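J.: Under our numbering, read the sequence shown as residues 219 to 391, first letter to last. In this text, a Cβ means the ideal position worked out from N, Cα and C, and glycines have one as well. Note that the structure is a prediction, hence the values are computed from the model and not measured.
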Amino acid sequence: MTTEIRLANKEDMPNINAIYNREIREGTATWHLTEWDEPERLEWFAEHTAENGEPILVYSEQGVIAGFAYLTKYRGARGGYRYTRESTVYVDEKFQGQGIGTCLLDALIQAARDYGLHVLVAWIDSENVASINLHKKMGFSTVGIEPETGHKFGSWRSNQEMAFVLGQEGDNE
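#1: Since residue 235 contacts residue 254 with CB under 8 Å, what's their CB separation in whole angstroms?
#2: Confirm, please, whether the CB-CB distance from residue 273 to residue 289 is below 8 Å.
#3: Check the DSSP bridge columns for residue 359 and list the partner residues they point to.
#4: Quick one, which of 379, 320 and 365 has its alpha-carbon nearest residue 373's?
#5: Where does the unbroken alpha helix (DSSP H) through residue 247 begin, and where does it stop?
#6: If you reduce the DSSP assignment to three classes, tell me which class residue 220 lands in.
#7: Measuring alpha carbon to alpha carbon, tell me which of 376, 323 and 354 ends up nearest residue 345.
#8: If contacts are defined as beta-carbon pairs under 8 Å, then residue 384 and residue 337 qualify, I think. What distance do you get, rounded to the angstrom?
#9: Under a three-way DSSP split, which group does residue 240 fall into?
#10: Quick one: what's residue 369 bridged to in DSSP?
#11: If you follow the beta strand (DSSP E) that residue 338 is part of, which residue opens it and which one closes it?
#12: Pop quiz: residue 293 and residue 335 are said to be a contact at Cβ under 8 Å. What is the actual Cβ separation, rounded to whole angstroms?
#13: Ignore the nearest five residues each way along the sequence and tell me which others in residue 381's own chain have a CB closer than 8 Å to its CB.
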């Protein structure tokens with residue numbers, strides 16, 4: 219079986235959109251309520267570049283995109299937040315429970331270190347036990363709960379904020 223984690227390219231956007239839009243329709247890993255169309259996804263892709271410390275990674279299994287992960291500037295990377303990124307991981311439901319999320323998050327952590335970042339944060343629906351456990355396993359710790367900050371599928375959703383201190387850049391400023 220041929221598997222790889224690589225930087226996403228424009229041709230991956232339909233597969234990324236399919237994974238994400240299913241989560242909008244059926245899941246709570248995102249609280250977006252409206253599916254993304256192709257132009258929105260392409261604009262998002264153009265804004266997330268490895269050169270800006272915001273890579274999009276895909277996990278490809280025999281040419282099939284099984285999941286994706288990316289880093290986003292924290293609070294727009296305003297000044298003092300420049301060494302912090304939000305980490306996000308999505309795995310196609312057909313591939314969940316196979317360690318793909320672990321591989322993707324590990325690759326994001328390595329990318330963050332390569333970019334000289336200091337902290338990764340993640341916001342996770344408080345009922346998404348699998349994602350919370352994944353992040354704990356990879357070294358993240360819970361730093362807060364935001365009660366009932368979202369509303370989806372007719373119920374209030376709470377958010378668990380987790381952080382992982384990489385501990386490098388900015389340490390000597």
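T.: So, to answer that:
#1: Locating residue 235 in the sequence shown gives position 17, counting from the first residue. Locating residue 254 in the sequence shown gives position 36, counting from the first residue. In this structure residue 235 touches residue 254 by the C-beta definition: roughly 6 Å separates them, less than 8 Å.
#2: For the purposes of this step, residue 289 is identified with residue 71 of the sequence shown, where counting begins at 1. For the purposes of this step, residue 273 is identified with residue 55 of the sequence shown, where counting begins at 1. In contact: residue 289 and residue 273 (Cβ atoms closer than 8 Å).
#3: Translated into positions along the sequence shown, residue 359 becomes position 141. Within the DSSP bridge table, the entry for residue 359 names 381 as partners.
#4: Within the sequence shown, residue 373 is the residue found at index 155, counting from 1. Of the listed residues, the one whose Cα sits closest to residue 373 is 365.
#5: Within the sequence shown, the letter at position 29 stands for residue 247. Per DSSP, residue 247 belongs to no alpha helix (DSSP H) and is neither H nor E.
#6: Taking the sequence shown and counting its residues from 1, one reaches residue 220 at position 2. Three-state result, residue 220: coil.
#7: Taking the first residue of the sequence shown as 1, we reach residue 345 at position 127. Among 376, 323 and 354, the Cα nearest to that of residue 345 is on 376.
#8: Taking the sequence shown and counting its residues from 1, one reaches residue 384 at position 166. Taking the sequence shown and counting its residues from 1, one reaches residue 337 at position 119. About 7 Å separates the two Cβ atoms, so the contact holds.
#9: Position 22 of the sequence shown, counted from the start, is the residue given in the question as residue 240. In the structure shown, residue 240 sits in a helix (DSSP, three-state: H, G or I).
#10: As a working mapping, residue 369 is identified with position 151 in the sequence shown. For residue 369, which the question treats as bridged, DSSP gives the partners 374.
#11: As a working note, residue 338 is residue 120 in the sequence shown. Residues 337–343.
#12: Looking up residue 293 in the sequence shown gives position 75. Looking up residue 335 in the sequence shown gives position 117. Contact flag wrong, Cβ pair sits at about 14 Å.
#13: Here residue 381 refers to the residue found at position 163 when the sequence shown is read from its first residue. 337, 338, 339, 340, 358, 359 and 361, listed in sequence order.
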